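Colleague: So the sequence shown is residues -14 to 534, counted in my numbering. Glycine included, each C-beta is placed from N, C-alpha and C at the ideal position. Since this is a predicted model, take the numbers as computed values, not measurements.
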Amino acid sequence: MPGDERSDESVGKAILRLIAEAGVDTIFGLPGVHNLEFWRHDSSPMPRIMGVRHEQTTVYAADGFARATGGLGVALTTTGPGAANAVGAFGEAAMSGSPVVLIASEISTNFARPGVTRGVLHESSDQAALFEPLAKKVYRPRTAESALSAVADACRVALQWPRGPVYVDIPTNVLSSIAPSLLPSIEAPVRMSPTSDSLRDAATLINAAHRVVIWAGGGVVQSGAESALARLAEKLHAPVVMTFNGRGALGSSHPNAVALPPHEPEIAELIGSADVLVAVGTNFDGMMTRNWSMPIPEKLVVLNCDATDMTKNYAPTVAVLGDARLSLETLEELVEESQTPGIDLEALHSEVWSRLRLDTRASTAVRFLDQISRVRESHDAVVVADMAIPGYWTGGYGQFECSRTLQYPVGWGTLGYALPASVGAGALKRRPVLTVCGDGGIMFALGELAVLVQEDLPVTVLLVDDGGYGMLRYDQDHSGDPHRGVDLVRPDFAALGRAFGIKTVELDGSIDELGDVLDEALGSRSPRLVILNESLTPPRTTSPRWNET
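1) From the DSSP output, read off the bridge partner residues of TYR152.
2) Are the segment 132 to 151 and the segment 77 to 87 touching by the rule of at least three beta carbon pairs closer than 8 Å?
3) Whole angstroms are fine: how far does the CA of LEU235 sit from the CA of PRO280?
4) Does the segment 108 to 124 come close enough to the segment 29 to 37 that 3 or more CB-CB pairs lie under 8 Å?
5) At what residue ranges does the segment 433 to 481 contain a whole run of the alpha helix (DSSP H), taking only runs of 4 or more?
6) Quick check on VAL18: does DSSP put it in helix, strand or coil?
7) Determine the direct distance from the alpha carbon of GLY202 to that of VAL263, and round the result to whole angstroms.
8) Helix, strand or coil: which one does DSSP assign to SER170?
9) On the DSSP bridge assignment, give the partners of LEU521 in chain order.
10) What separation, rounded to the nearest whole angstrom, lies between the Cα atoms of SER312 and GLU322?
11) Could you tell me the alpha carbon to alpha carbon distance between VAL44 and LEU190, rounded to whole angstroms?
12) Straight-line CA distance for THR102 to LYS121?
13) For GLY423 versus ASP472, is the C-beta distance shorter than 9 Å?
14) Just the Cα atoms here: how many angstroms apart are ALA51 and SER464?
15) To the nearest angstrom, how far is the alpha carbon of THR64 from that of VAL159?
16) Count the other C-beta atoms from every protein chain shown that fall within 10 angstroms of the C-beta of ILE163, then say buried if there are 16 or more, exposed otherwise.
17) Inspect the beta-carbon positions of ALA412 and PRO394 and report whether they are closer than 9 Å.
18) Give me the Cα-Cα distance between GLU22 and ALA68, rounded to the nearest whole angstrom.
19) Which residues does DSSP list as the beta-bridge partners of CYS422?
20) Check whether the Cβ atoms of THR522 and GLY381 lie closer than 9 Å to each other.
21) What residues match up with GLU491 in a beta bridge as DSSP calls it?
22) Alpha carbon to alpha carbon, what distance is there between GLU519 and ARG25?
23) What number of angstroms, rounded off, separates the C-alpha of VAL206 from the C-alpha of MET35?
24) Does the contact criterion of 3 or more C-beta pairs under 8 Å hold for the segment 176 to 183 versus the segment 230 to 250?
25) Quick test of your reading: GLU433 and VAL337, contact by CB under 8 Å. State the CB separation rounded to the nearest angstrom.
26) So, GLY383 versus ALA223, is the Cβ gap smaller than 9 Å?
27) Rounded to the nearest angstrom, what separates VAL18 and MET80 at their Cα positions?
28) Could you give the residue range of the alpha helix (DSSP H) that holds ALA370?
29) In angstroms with no decimal places, state the Cα-to-Cα distance between VAL369 and TYR402.
30) Could you pull out every unbroken alpha helix (DSSP H) segment of at least 4 residues lying fully inside the segment 316 to 357, listed in chain order?
31) Is it true that the CB of LEU419 sits closer than 9 Å to the CB of THR445?
32) Between which residues of its own chain and SER511 is the CB-CB distance below 7 Å, once the five residues before and five after are set aside?
33) Looking at the unbroken alpha helix (DSSP H) that takes in MET35, where does it start and where does it end?
34) Do you know offhand how far VAL490's Cα is from PHE429's?
35) Looking at the structure shown, is TRP378 part of a helix, part of a strand, or coil, going by DSSP?
36) Going by DSSP in three states, SER(-5) sits in which element: helix, strand or coil?
Okay, structure coming up:
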């Protein structure tokens, strides 16, 4: 909505007011000489700026906040190296479809000259160009009016399906200049209605099928289509396989939920044996499909709001371009109730888990998961998993009863995601957060332990210490190579946690004690560090094991 007249309000303050109107009450930022204008107004009723200890965390935390809420995440960085430090985290948000707006300062227009890099502090020839290969959209406003318009539009674009991160850079002198008296409005995102002809074609194909399997991706969660997905699955008696970003779209205990990854042979066989595969909100990425070697039924119905994602990896028999929720709701009305009895997924799950428990490569990890699942459910915790062996097991095999309770950086595979993203999920203080990481990845963002303490966030960090990059060590073993670059000198993590003022417990291979320790830690609703000295074998979701029997 247009604002009232505020002739003395700076652009920086007006931007914060716009962000508040977008429903955001917490921003993640790191101050620098060029963006201090924002911190002059960091008080109610403006959104709170939660300070973090590295620029990559501004975006990781905004991403974690967005994934937890389903709304917008906002990050602030300063010019040059500040913005550049955020690129890796921005890429993860891009590949996972997170609605994040990154606002970076730029050098003053008083010193900038087109086509010339003069050596102004933090200057680069085109800072925004760093983000163009990744961003849904990039804005380079250079006036007060265009800066406010860009931020308002950035909020809309980030939230518009398919969602993704947006970058805005604003010169420091523009941030401190006087804002226009009338603020722009932020338009609400609009759902794309699917065409009736394509939905009828999809229903015809489905109605002729004996067995249908549904493949649910992150677009189901983005669209809020979980209930529509459940109704369609129940009507078709269809098993629902969920991608990593789609985990929880159907609760693990739901009778139609395939609560295991498609990399397990029994699940791959289930998918391949279907007459029709209905894929919703997914792009069939390489991680989920073993680089497109997984068996896929000949008849494929794809529902997606991104025309490129619909066809770039598999050719659909029927393609429905439109919002996932609207498409599923209409399709559920058009299809006939299946007369084919549903598959006994409880028996299938029991078969797979029994095999895993007897497999010496997996049995320790299964015990690890048992401990996590018990306490996660009892505390209704959000789990943030890193790209580490314990994270692979948790992200692929953990049990989740609703969406947005698992965050897993498989979009881009950014090691070091879990701890900084937990700052964003923990900032809500609605649920406790369990961070699952390894000793290699946590070193990327150790400074954020200070943020957990400073902000008293309800985050328990579960650090599984195997002495280095365990996944890469396994890769070298698998290839017959010597261990190089993977065995790491680490700090005394227990002493480090205590140095930050975090209550810390260290377990030496005592997995059966882990549940009780995590139960106490999550129940405290305060920063905790739990160290488990243990080595796990990677699961079948990792590429060296894709083709194992």
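Modeller: Result, derived from the coordinates:
1) If you number the sequence shown from 1, residue 152 lands on position 167. Beta-bridge pairing links TYR152 to LEU87 and VAL123.
2) Yes, they touch.
3) Here residue 280 refers to the residue found at position 295 of the sequence shown. Here residue 235 refers to the residue found at position 250 of the sequence shown. About 23 Å.
4) Short answer: they don't touch.
5) 433 to 439 and 455 to 464
6) Here residue 18 is taken as the residue at index 33 of the sequence shown, counted from 1. Three-state result, VAL18: coil.
7) Taking the sequence shown and counting its residues from 1, one reaches residue 263 at position 278. Taking the sequence shown and counting its residues from 1, one reaches residue 202 at position 217. Going by the C-alpha atoms only, they are around 11 Å apart.
8) In the sequence shown, the residue the question calls residue 170 occupies position 185. If DSSP states are grouped into helix, strand and coil, SER170 belongs with coil.
9) Taking the sequence shown and counting its residues from 1, one reaches residue 521 at position 536. In the DSSP output, where bridge partners are listed per residue, LEU521 has none listed.
10) Along the sequence shown, one-based indexing puts residue 312 at 327. Along the sequence shown, one-based indexing puts residue 322 at 337. Roughly 17 Å between the two C-alpha positions.
11) Within the sequence shown, the letter at position 59 stands for residue 44. Within the sequence shown, the letter at position 205 stands for residue 190. Roughly 43 Å between the two C-alpha positions.
12) The residue labelled residue 102 in the question sits at position 117 within the sequence shown. The residue labelled residue 121 in the question sits at position 136 within the sequence shown. Rounded to the nearest angstrom, the two C-alpha atoms are 27 Å apart.
13) Translated into the one-based positions of the sequence shown, residue 423 becomes position 438. Translated into the one-based positions of the sequence shown, residue 472 becomes position 487. No. Outside cutoff.
14) Indexing the sequence shown from 1 puts residue 51 at position 66. Indexing the sequence shown from 1 puts residue 464 at position 479. As the crow flies, the alpha-carbon of ALA51 is around 39 Å from that of SER464.
15) Within the sequence shown, residue 64 is the residue found at index 79, counting from 1. Within the sequence shown, residue 159 is the residue found at index 174, counting from 1. Looking at the two C-alpha atoms, the distance is approximately 13 Å.
16) Stepping through the sequence shown from its first residue, residue 163 is reached at position 178. Flag for ILE163 reads exposed.
17) Counted from its first residue, the sequence shown places residue 412 at position 427. Counted from its first residue, the sequence shown places residue 394 at position 409. Cβ atoms of ALA412 and PRO394: not closer than 9 Å.
18) For the purposes of this step, residue 22 is identified with residue 37 of the sequence shown, where counting begins at 1. For the purposes of this step, residue 68 is identified with residue 83 of the sequence shown, where counting begins at 1. It is roughly 16 Å from the alpha-carbon of GLU22 to the alpha-carbon of ALA68.
19) On the sequence shown, position 437 is the one that residue 422 refers to. Beta bridge pairing from DSSP links CYS422 with LEU448.
20) Stepping through the sequence shown from its first residue, residue 522 is reached at position 537. Stepping through the sequence shown from its first residue, residue 381 is reached at position 396. Contact flag unset, no.
21) By 1-based counting over the sequence shown, the position of residue 491 is 506. ILE516, per the DSSP bridge assignment.
22) Taking the sequence shown and counting its residues from 1, the one referred to as residue 25 is at position 40. Taking the sequence shown and counting its residues from 1, the one referred to as residue 519 is at position 534. About 47 Å.
23) By 1-based counting over the sequence shown, the position of residue 206 is 221. By 1-based counting over the sequence shown, the position of residue 35 is 50. About 26 Å.
24) no
25) Numbered from 1 along the sequence shown, position 448 holds the residue referred to as residue 433. Numbered from 1 along the sequence shown, position 352 holds the residue referred to as residue 337. Not a contact, Cβ separation roughly 36 Å.
26) Your numbering for residue 383 matches position 398 in the sequence shown. Your numbering for residue 223 matches position 238 in the sequence shown. Not a contact, by the Cβ cut-off of 9 Å.
27) By 1-based counting over the sequence shown, the position of residue 18 is 33. By 1-based counting over the sequence shown, the position of residue 80 is 95. Taking the CA atoms as reference points, VAL18 sits about 31 Å from MET80.
28) In the sequence shown, counting from the first residue as 1, residue 370 sits at position 385. Segment 367 to 370 is the beta strand (DSSP E) holding ALA370; no alpha helix (DSSP H) there.
29) Within the sequence shown, residue 369 is the residue found at index 384, counting from 1. Within the sequence shown, residue 402 is the residue found at index 417, counting from 1. Cα to Cα, the separation comes out at about 8 Å.
30) 330 to 343
31) Here residue 445 refers to the residue found at position 460 of the sequence shown. Here residue 419 refers to the residue found at position 434 of the sequence shown. Yes; because the gap between Cβ atoms is below 9 Å, this pair is in contact.
32) As a working mapping, residue 511 is identified with position 526 in the sequence shown. Around SER511: ASP441 and PRO443.
33) Residue mapping note: residue 35 aligns to position 50 of the sequence shown, counting from 1. Where MET35 is concerned, there is no enclosing alpha helix (DSSP H), although the beta strand (DSSP E) it sits in stretches over 33 to 36.
34) Indexing the sequence shown from 1 puts residue 490 at position 505. Indexing the sequence shown from 1 puts residue 429 at position 444. Their backbone Cα atoms lie some 21 Å apart in a straight line.
35) On the sequence shown, residue 378 is found 393 positions in, with the first residue counted as 1. Three-state result, TRP378: helix.
36) Locating residue -5 in the sequence shown gives position 10, where the first residue counts as 1. Residue state, collapsed to three classes: strand.
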